[in-house]
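Scroll down for the structure; my scribbles are underneath it.
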Amino acid sequence: MVPNHSSAAKAVNYLQTRHRFHWGEAIPWILAILVFYFLPGYRLLATQILVMIIFALSLDLIVGYAGIISLGHTAFFGTGAYITALLATNNIPDPIIGLIAAAFGAAILGFLSGWVLLRTTGLTLLVLTMAVTIMLAELANDFDEITGGFDGINFTNSDIFGLIELDQLWYSSSYIYVLIVLFLSFLFIRTIIYAPFGRMLIGIRENPRRMSAIGTPVHQRQVIVYVVSAAIAGIAGALWVQVQGNVTTEVYAFELSGDVLIMLILGGTGRLYGAFLGATVFKILENVTEQVLGTDQPYWQFAIGLVLILTVLFARRGLFGIFEDLGNKWKERGQ
Amino acid sequence: MSPFLNEISTVLVFGLAYAMLLFIISVGLSITMGLMGFANLAHGSFAMMGGYVTVTLVTQSGVPFAAALLISFVAIALLSIPFERFLYRHLYRRSELDQVLLTIGLVFASIAGVTFIWGPDPQLIQMPNYLKGSVDLGFNTFPKYRIFMIIAGAMIVAGLFYGLERTKIGAQIRAAVDNRTMAESVGINTDRLFTWTFALGSGMAALGGGLGIQILGGIKPVFAFEYLVIFLIVVAVGGMGNIRGTFFAALILGIIDFAGKFYFPEGGAFVIFAVTILVLLIRPQGLLGKN
Amino acid sequence: MSDAVLETKNLNKNFGALAVAQDINFSLNPGARHAIIGPNGAGKTTLVNLLTGVLRPSAGAIFLSGEDITTMSENERVKHGIARTFQINTLFMGLTVIDNLYLAIAERFGGATEMFRPAGHHIKVQEQALHILTTLKLEENSLTVVRELSYGRQRLVELAIALALDPKVLLLDEPAAGVPSTESHIILDAVDNLPEDIAILIIEHDMDVVFRFAKRISVLVRGSIMAEGEPEEIATNPEVQAVYLGEADHV
Amino acid sequence: MKKFVAMSLVAVAFTIITVKATEAREYKIGFIGPMSGGAAQLGQQMKRGAKLYMKLHKDQLGKHTIKMIVRDSKRPGGPIAKAAAQELITREKVELITGLIFSPNAMSVAPLVNKSKTPVVIMNAGTTFIPNMSPHMVRVSFTMWQAGVIIGEHAASNLNCKTAVAGYTNYPPGKDSINAFRHGFEGKGGKVVDEIPMGGPGKVPDFTPFFQRAKSKKPNCLYVFVPAGNHAAAVAKTYQALAMRKAGIRLIGPGDITQDTQLQGMGSAAVGLVTAHHYHMFLKSAENQAFVKAWKAEYGANNPPDFVGVGGYDGMAAVYAAIRAANGSKLTSAIAMKALKGWKFESPRGPIMIDPETRDIIQNIYISIVRKKGGMLVQETQKTFKAVKDKCKELKLGKCGKKLY
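Protein chains in written order, with our numbering: chain W, 1084 to 1418; chain E, 189 to 479; chain U, 4 to 254; chain Y, 381 to 785.
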């Protein structure tokens, strides 16, 4: 009976401790602070990467945890972006209010579209999410009296809490602002993931059929997580345009939906830090390849394509999977 | 000539020509997704490469247009075989997400690749004389090329249906789409079947790429990504793996797209997406898809 | 109303012109051990799907402890006390055994929508999960990912999940299907030892299993119940024999 | 007189001394344009123009040198262009930014340069009010209003067009363009009977449904605006395929629909097209002929220049003028704007000048017709309108009349 007891104890220990923070989780935040101090010339790019991480994290909630594959997540990103921009041009330029309104607006859209679309799966869902986004992009382009169309809207935010200006050149305050929002969003998502709700999402991803047979109202729960994810994507969209001071129809671009999905899968789905790694690698490849190889040919596109293919073939769980494997090897060695 | 007949014939003829193009390109994607359950987002890349092969043959080597189409069909079909054997095959049993990542990677790489070779400018093609100009039918005039598209499309559709309904390999494909394990258990070599259908689908895409040059304003690197959306829509609306369904979807979407832009240009591409959403909400499995 | 825990009244299901269930009437009392047998394509799985709410009947009604559950969705019926196992393992293959159970129990306790307290703080859920694992002698596998278990042990997990739902009625869809004979005794022992107060409906092909386990048997042929009775009655029923011999002829 | 000569000599000597006193300096400038993606050929063409100017005028900066850092704006929206600009300004320490094909690219850069006070020379972006967004921006390209108004007036007065249908790519420059056209056309008594938005700028649509619609309205003229790049050939081909000329409909537009780089690919479809534009490569001036010759020598006879290339070329001329004005000191916006407001240049497109008030370009607009000569398509200038300003800013319409920074 002794080994049984120890395996039971192990199981309990596993369940009770897995949500605890691991020291390795501090690494991205330390890196983010180092980037701030040592690469000031790349701060706007770095800020954009941080926003993309939030966006990819929101997508991870539905793709990586609930198993809902969407090629239309910019529907929420873009809605958050336009809400913020329109508030700012209508005398409500407070960035925090902008964020909150964006989250609410995107959540409402998430509820309405999720309720209807999430009855479908697979290719149908993929195409439907895509179609909704493209329709929104069309609307944004058509109603250019409001949205500014292709040229978009330029606006200025008021200072945060009336004190801190969102810096438009060195992006120091903007970077910190986005980093804080990222940190809070991350904590929120991480908490959800390790709560029973998150475990339940993983169940839906692993086997929706079985979830239903253990009494889970799968559709209803998917809608809930879709709404949460939409709200966070809305926040990402709001940040995206706040730091840039302008919004264009590109925030609804189908390509951006594709990019963020790629970032996520590249980094690794269903593991939170995949979003960090994927967004960073993607944006750096997009930006830095041309600085090394020049702009005469689309080398960056080729580089990204190659990295994606190699990742699929050789890193089965995305780039973060490589780190996990290394970590496991390290542990084995230690033992 | 009655304006009504004029308008109706305009919408039908132009819509039909576009529908044929959509069908020719999408049918391969539909089979790949239905038969192999593989989300091949790089399908448009094969269409694009077909377009480039056609352009190059016609403008550089002076090959007649029709012959160039056939050569590009064969060339891309052959080219796709190693892709299926060495890349796609590893992923048949992997998750949809891995498939998406691989094939989008291929899209990126192929866009860059054709830009390296042909540059970013759209490549144009001069049509042979027999396809230039228009035909006056009394109540309406139509460009010869559109008429050609419809006839060529109809022949391809007929050939494809004949091949699938009446030949052994067609029966095998249908059986495998229907139930792969069952097909394997009765001795169908699904591995080889996959390779051949994949090649056929890619070749068809190449054919579509070549046929589309004239009406899509030239072939250019971003083609692979730009038209992906519409191919996916056709497949989803038709029902994956269902060739009849793909045909009906192409027909409906092609005609509606034209009619929408003709009567309601302010709506832009809105109409076709609205129709797609409506159809898929009522029939998530597509018009003729399996439940 | 009788004191039956599960009862069907004239249950019918048509797919177009095809009737896959016709006027099915039967009832389970608490603690019942009831088997449904029938040749291939008789509609056994359809019946399970009707009972669990995966399919809606075309006509007729289903009662659970006297309450009409005909229009309830699958997940609501689970909450009301119907649990099932699947003919082909339907598990969370990428998760550990204990996580598989955790999900079922958390859902039953209504904690699955809890968003902000770590799952690890739900001690009661963990205790229950461990209890069930111990009952089924699975505790050594608690931290094994299900995919890495043998099919036979996966079959046990299938049973464990169903038990974790604390059902009044348990539907077992060929519990030993696909399990190599070396392992099948583990499953069958587990089935024998299921709590006595649960009403069990077993769908089974294997006559040895049926006669070892069932106290009552219904024979389903072409969507309707051809015969029902004690095992001995069924074994000697000439009509039933005809059906099975007829089927044997075809094989 | 002697005194004057002496003073002049002193002045000249002083100038020489001060010039000598300044040290040789490398001026870093940032060039942002789409180098990949759907509009790559525009970015590459603009870069060719800029590089050609640099090659032909190496000696113009004296001992100072110039280093151009190219960044890819990839997509039409703002984010990537803006990140590139931020990085160029803060990390590479460039002293001037140029390039900028798409309007949203230019717009997104505006707040940044307003902070850093970096001068910007816009080589393309056409939305009319862009220079109003920053006091540090000048534009050497064009506005939709310049060609639009003129072709509108010309159509009504000289091409016998009573009615017209206007088809446009559905984005702000497209709307600018048809507004300008309507302004000119209806001002001279014409009537625009239908306006057809023909999809967004991202993709080249199949123009058939839109042109069929236009055809069914039976106008005298079809005015079409599409952005430079992929669309032009498709427009001409659709026009021909639908036999619209036979139906008595004349195709007109700004020169975007007869862009030189697209012209030969259009085939006979283009013959007879009448357009208004600030440049085509067949202009007769000596400057242009030298320019076209140099261009073809550099990039091959099959890669002709076009107005986007000229935008790059002239933009670089403006950059050189600004650097010469700085003459070894830091190139501040103050120096650059002082040098460029009222700057004049004999461009391949004719004499150009930067309007000191609006910082936008003043240039000739040519009415041209496409003809076939020796198996090649050429454009013939029929009429020249000299020193055309941007009408929108003159009339202070909408945002054109506002200060936006």
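All C-beta atoms, glycine included, are put in the ideal place defined by N, C-alpha and C.
- Here DSSP, grouped into helix, strand and coil, assigns W:S1153 to coil.
- Scanning the region 345-377 of chain E for uninterrupted alpha helix (DSSP H) segments of 4 residues or longer gives 356-366, 368-373, listed from N- to C-terminal end.
- Within the region 98-113 of chain U, the residues whose Cβ lies closer than 8 Å to some Cβ of chain W are L98, T99, I101, D102, Y105, L106, A107, A109, E110, R111, listed in chain order.
- One finds nothing in chain Y with a Cβ atom closer than 8 Å to the Cβ of E:G397; even the nearest lies about 15 Å away.
- Residue-level contact by beta carbon fails for E:A230 and chain W, as no gap is shorter than 7 Å.
- At the C-beta level, U:S76 and U:N15 stay beyond 7 Å of one another.
- Contact of Y:A464 with chain E by beta-carbon distance below 7 Å is absent, the smallest such distance being about 19 Å.
- Listed along chain W are F1385, each with a C-beta nearer than 8 Å to that of E:G301.
- The alpha-carbon of Y:T498 is positioned some 34 Å away from that of W:D1225.
- For W:L1409, no beta strand (DSSP E) encloses it; the enclosing alpha helix (DSSP H) starts and ends at 1401-1417.
- Secondary structure remark: continuous alpha helix (DSSP H) runs of at least 4 residues inside the region 271-314 of chain E, in chain order: 284-306.
- Classified as buried, W:T1216 has 16 or more neighbouring CB atoms from the shown chains inside 10 Å of its CB.
- Each residue's CA atom was taken as its position, placing W:P1279 and U:E142 some 22 Å apart.
- Residue environment: Y:F590 is assigned as buried (16 or more neighbouring CB atoms within 10 Å of its CB, all protein chains considered).
- DSSP, reduced to helix, strand and coil, places Y:Y785 outside both helices and strands of the structure shown, so it counts as coil.
- Under the Cβ distance rule, E:F436 does not count among the residues neighbouring chain W, no pair being separated by less than 7 Å.
- For W:A1214, a Cβ of chain E is located within less than 7 Å of the residue's own Cβ.
- Sorting U:D209, U:E199, U:A45 by C-alpha distance to the C-alpha of U:L21 places U:A45 at the top.
- Ranked by Cα distance from W:A1321, the options W:S1089, W:F1104, W:A1164, W:G1155 are led by W:A1164.
- Note on geometry: alpha-carbon atoms of U:P121 and W:I1275 lie some 8 Å from one another.
- Bridge pairing for U:L175: U:T88, U:I205 [DSSP].
- Within chain W, no C-beta atom comes nearer than 7 Å to that of Y:A681; the closest sits roughly 20 Å away.
- The straight-line gap separating the alpha-carbon atoms of W:G1341 and W:G1155 is approximately 8 Å.
- Sequence-distant partners of W:V1199 (beyond 5 residues in either direction) whose C-beta falls short of 7 Å from its own C-beta are missing from its chain.
- Within chain E, the residues placing a beta-carbon under 9 Å from that of Y:Q421 are G307, P308, D309, P310, K408, ordered along the chain.
- The beta carbon of W:A1220 is closer than 6 Å to those of T1332, Y1335 in its chain, skipping five residues each way along the sequence.
- Contact of Y:A614 with chain E by beta-carbon distance below 8 Å involves L404, G405, G406.
- In the structure shown, the three-state DSSP call for Y:I629 is coil.
- Contact between the region 27-43 of chain U and the region 225-244 of chain U is present: three or more C-beta pairs spanning the two stretches fall below 8 Å.
- By the rule that beta-carbons nearer than 7 Å mark a contact, W:N1411 does not touch chain U.
- In the DSSP assignment, the residues bridged to U:A24 are U:K16.
- The C-alpha of U:F29 lies about 14 Å from the C-alpha of U:I206.
- Bounds of the alpha helix (DSSP H) holding Y:K495 are 483-496.
- Residues G423, D452 of the same chain have their beta carbon placed closer than 6 Å to that of Y:M415, with the five preceding and five following residues left out of the count.
- For W:E1333, there is no enclosing beta strand (DSSP E), as DSSP marks it with neither H nor E.
- Shown in chain order are the members of the region 110-143 of chain U whose Cβ falls below 7 Å from a Cβ of chain W: E110, R111, G114, A115, T116, E117, M118, F119, R120, P121, A122, G123, H125, Q129, L133, E142, E143.
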